[in-house]
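Taking the working numbering, the leading residue of the sequence shown gets 3, the next gets one more, and so forth. Working notes for the structure below.
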Amino acid sequence: MIVQQYKKMLEGKSVIRELSEFATERGKEIGYDNVFDYSLGNPSVPVPQQFTEAITDLLKSKSSVELHGYSPSLGIPSVRKKIADSLNNRFGMNYTADHIFMTSAAASALAHALRCVTVPGDEVLAFAPFFPEYRPYIELTGTVFKTVPADTESFQINFEVFEEMLNEKTMAILINTPNNPSGAVYSVDTVKRLAELLLAKEKEYGHDIFLISDEPYREIVFDGVKAPYISAFYDNTLSCYSYSKSLSLPGERIGYLAVNPACTDAGLIAAMCGQISRGIGHNCPSSIIQLAVAEVLDLTADMSVYETNMNLLYNQLTELGLSCVKPGGTFYIFPKALEEDAAAFCRKALQYDLVLVPADSFGCPGYFRMAYCIETKKVSRSLSALRRFVRETY
Numbered sequence: 003m004i005v006q007q008y009k010k011m012l013e014g015k016s017v018i019r020e021l022s023e024f025a026t027e028r029g030k031e032i033g034y035d036n037v038f039d040y041s042l043g044n045p046s047v048p049v050p051q052q053f054t055e056a057i058t059d060l061l062k063s064k065s066s067v068e069l070h071g072y073s074p075s076l077g078i079p080s081v082r083k084k085i086a087d088s089l090n091n092r093f094g095m096n097y098t099a100d101h102i103f104m105t106s107a108a109a110s111a112l113a114h115a116l117r118c119v120t121v122p123g124d125e126v127l128a129f130a131p132f133f134p135e136y137r138p139y140i141e142l143t144g145t146v147f148k149t150v151p152a153d154t155e156s157f158q159i160n161f162e163v164f165e166e167m168l169n170e171k172t173m174a175i176l177i178n179t180p181n182n183p184s185g186a187v188y189s190v191d192t193v194k195r196l197a198e199l200l201l202a203k204e205k206e207y208g209h210d211i212f213l214i215s216d217e218p219y220r221e222i223v224f225d226g227v228k229a230p231y232i233s234a235f236y237d238n239t240l241s242c243y244s245y246s247k248s249l250s251l252p253g254e255r256i257g258y259l260a261v262n263p264a265c266t267d268a269g270l271i272a273a274m275c276g277q278i279s280r281g282i283g284h285n286c287p288s289s290i291i292q293l294a295v296a297e298v299l300d301l302t303a304d305m306s307v308y309e310t311n312m313n314l315l316y317n318q319l320t321e322l323g324l325s326c327v328k329p330g331g332t333f334y335i336f337p338k339a340l341e342e343d344a345a346a347f348c349r350k351a352l353q354y355d356l357v358l359v360p361a362d363s364f365g366c367p368g369y370f371r372m373a374y375c376i377e378t379k380k381v382s383r384s385l386s387a388l389r390r391f392v393r394e395t396y
């Protein structure tokens, strides 16, 4: 008999994917340029030219066996060393190659991190709003997923409720800053307070509490905002990174897990990840992509368009009377809907070919997400549809 747990999951498909599929079908009817699709967080800017040149040089200079063969289970050693050196130079850390595990982007890094530090029955806490896939990431390990309600005034951490929810079963905290979907960037004060609280609770409970930091948007910050490097503030941190956003490489599925050298059993965790891969099949990411990324570690795609798009939408949304915390980064904006039922609000928006994502599955009912990683011209054209929708419907 097939496994009923996964069969049941078919009944709860991703609302983001469903809306993206709707937008594609609607585009066949009226032309996709006329569908204002804010559903999917798919980077829209080109990769850096240096990455393309690195790929080209590798194809010309390396053997096909080296480029297309299996990498070692933990990743190519020279790549792991370059990543460690880059992190050390940027953030004042002291990683070595032994603290880096190459992954199929951040999702794989999270899958490994969760299995390194929790066992079935443990509790993992995350802060609303959160990426909806956190739920299956966590629950399919056998651990218990608990959500800390959002601080909707700032989308920083709701510390009062968080502290009440912490208990002896809490083994890991999953955070995401800059945040999908709110665009909020945790401040240094927020991160320091979080670290101090977890240190106190570790002493109280007599066991480690690991901070699993999901960081794919680390380089997308606006207007002088700085994203604190979480591992610099808390020893028991596992950093999960993806080059999908910073280098616009989502289809290449490449990232890493970085183990804070000061954490408990730091010398074992990357090697443990290699063993976890034997069970979940996320081993040996593409060799050629590992090698190419290693040549451009400190570069990013030109992501200035995201800030331009954010300002266009933020100004229009607030002018129309929608409540919205201004994003500090990412390519998402997270307004409050103009009625209690955000799903109903988003269904009505479809009549204006505005594809918006209700935030119930993000743990924040009454809000909706707009992924503005689209051309600025299209964002500008969408504003008239947004005005008509709000004025005619509300």
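Backbone N, C-alpha and C fix where the C-beta goes; we use that ideal spot for every residue, glycine too.
Secondary structure within the region 192 to 220: the beta strand (DSSP E) runs of 3 or more consecutive residues, fully enclosed, are 212 to 216 (chain order).
Between Ser246 and Met95, the gap from beta carbon to beta carbon reaches 9 Å or more. The region 34 to 68 is shown to contain whole alpha helix (DSSP H) runs of 4 or more residues at 51 to 63, in chain order. Within its own chain, the residues whose Cβ lies closer than 7 Å to the Cβ of Val163, once the five positions on either side in sequence are excluded, are Val150 and Pro151, listed in chain order. For Ile78, the three-state secondary structure derived from DSSP is coil. Taking the Cα positions, Glu23 is about 12 Å away from Tyr34. Here Lys148 is bridged, per DSSP, to Leu127. Excluding five sequence positions before and after Ala264, the CB atoms of its chain that fall closer than 7 Å to its own CB belong to Asp237, given in chain order. Counted as a single uninterrupted DSSP element, the stretch harbouring Met3 is not any beta strand (DSSP E), since DSSP gives it neither H nor E. When the Cα atoms are used, Asp304 and Pro50 turn out to be separated by approximately 7 Å.
With a cutoff of 9 Å on beta-carbon distance, Leu76 and Cys275 are scored as near each other. Inter-segment contact for the region 53 to 73 and the region 348 to 358 is absent: fewer than three beta-carbon pairs are separated by less than 8 Å. For Thr320, the secondary structure class from DSSP, reduced to helix, strand or coil, is helix. Here Lys247 carries a helix assignment [DSSP, helix/strand/coil]. Phe103 is bridged by DSSP to Leu259. Contact between Ala25 and His284 fails: their C-beta atoms lie close to 29 Å from each other, not under 8 Å.
The continuous stretches of alpha helix (DSSP H) do not include Thr98, and DSSP gives it neither H nor E. Ala174 is bridged by DSSP to Val126 and Phe212.
Ala373 has its alpha-carbon roughly 6 Å from the corresponding atom of Phe333. Across the structure, Ala345 and Asn317 are spaced so that their CA atoms are roughly 23 Å apart. Shown here, Phe364 sits in a helix according to DSSP, grouped into three states. Taken atom to atom, the span from the alpha-carbon of Val295 to that of Glu342 is near 45 Å. The beta carbon of Ser279 sits closer than 6 Å to the beta carbons of Asn285 from its chain, once the five residues preceding and following it are set aside; these are given in chain order.
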